[in-house]
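**Student:** Each residue of the sequence shown is one higher than the one before, counting from 367 in this note's numbering.
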Amino acid sequence: MKINLQIVTQEKNIPSESLFKSWVKAALQGKKQKMEVTIRLVDIPEITELNKKYRHKKAPTNVLAFPFQAPPGIKIPILGDIVICAPIANKEAIEQKKSIKAHWAHLTVHGILHLLGYKHSTQKDAKKMETLEIKILKKLGFPNPY
367 MKINLQIVTQ EKNIPSESLF KSWVKAALQG KKQKMEVTIR LVDIPEITEL
417 NKKYRHKKAP TNVLAFPFQA PPGIKIPILG DIVICAPIAN KEAIEQKKSI
467 KAHWAHLTVH GILHLLGYKH STQKDAKKME TLEIKILKKL GFPNPY
């Protein structure tokens with residue numbers, strides 16, 4: 367598993383690359399271990415622009431995931447990109463009374479599951495995704511984030 371960590375945030379309290387790697391590996395659960403993932407840590411203006419451009423929402427969000435689609439017939443070992451807004455992640459952790467590390471792990475796992483095709487647009491899909499997130503986070507030693 368190769369992780370391309372891009373840190374373009376002004377936030378200082380962010381997890382190490384080795385933590386991100388352990389969270390991604392756990393979320394993949396033995397699947398696609400030879401894939402590459404880019405994790406980009408950004409500030410509010412960049413996540414707001416991305417959310418507006420790709421989801422048509424004029425507000426910042428905590429995490430976005432962009433699955434990679436190779437052209438037909440071409441195999442490229444890239445799973446996709448995850449963009450996490452560092453100030454929002456840290457603020458949410460405090461507001462939700464979670465450890466910063468637990469919340470970052472949750473956002474990372476959530477993003478990876480989106481790259482793997484999981485969605486939460488219906489109640490049924492959300493339940494399936496949340497159940498898997500809880501299971502993965504428990505294996506990592508974190509409490510239920512919900």
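Glycine included, every Cβ here is placed at the ideal spot set by N, Cα and C. Predicted model, so just to flag it, every value in this text is computed and none were measured.
Since LEU333 is in the alpha helix (DSSP H), which residue starts that stretch and which ends it?
**Tutor:** The chain is shown only over 367 to 512; residue 333 falls outside these bounds and no answer can be derived.
**Student:** Kindly identify the DSSP beta-bridge partner or partners of LEU371.
**Tutor:** Position 5 of the sequence shown, counting from 1, holds the residue named residue 371. ILE405, per the DSSP bridge assignment.
**Student:** Below 8 Å on the Cβ atoms is my contact criterion, and I expect HIS472 with PRO511 to pass it. Report the Cβ-Cβ distance as a whole number of Å.
**Tutor:** What you label residue 472 is simply residue 106 of the sequence shown in a count that begins at 1. What you label residue 511 is simply residue 145 of the sequence shown in a count that begins at 1. Yes, they are in contact, since the Cβ atoms of HIS472 and PRO511 sit about 4 Å apart, within 8 Å.
**Student:** Grab me the residues of LEU416's own chain with a C-beta within less than 7 Å of its C-beta, minus the 5 sequence neighbours each way, in chain order.
**Tutor:** To locate residue 416, count along the sequence shown from 1; it is residue 50. LEU430 and VAL449, listed in sequence order.
**Student:** Exposed or buried, what is PRO411 when buried is set at 16 or more other beta-carbons lying within 10 Å of its beta-carbon?
**Tutor:** Here residue 411 is taken as the residue at index 45 of the sequence shown, counted from 1. PRO411 comes out exposed.
**Student:** Between the Cα of HIS469 and those of PHE508, GLY446, GLU496 and GLY483, spot the shortest distance and give me the residue it belongs to.
**Tutor:** Along the sequence shown, one-based indexing puts residue 469 at 103. Among PHE508, GLY446, GLU496 and GLY483, the Cα nearest to that of HIS469 belongs to PHE508.
**Student:** Could you tell me which residues DSSP pairs with ASP447 in its beta bridges?
**Tutor:** Here residue 447 corresponds to residue number 81 of the sequence shown, with the count starting at 1. In the DSSP output, where bridge partners are listed per residue, ASP447 has THR404 and PHE432.
**Student:** HIS476: buried (16+ other C-beta within 10 angstroms of its C-beta) or exposed?
**Tutor:** Along the sequence shown, read from residue 1 onward, the residue named residue 476 stands at position 110. Label assigned to HIS476: buried.
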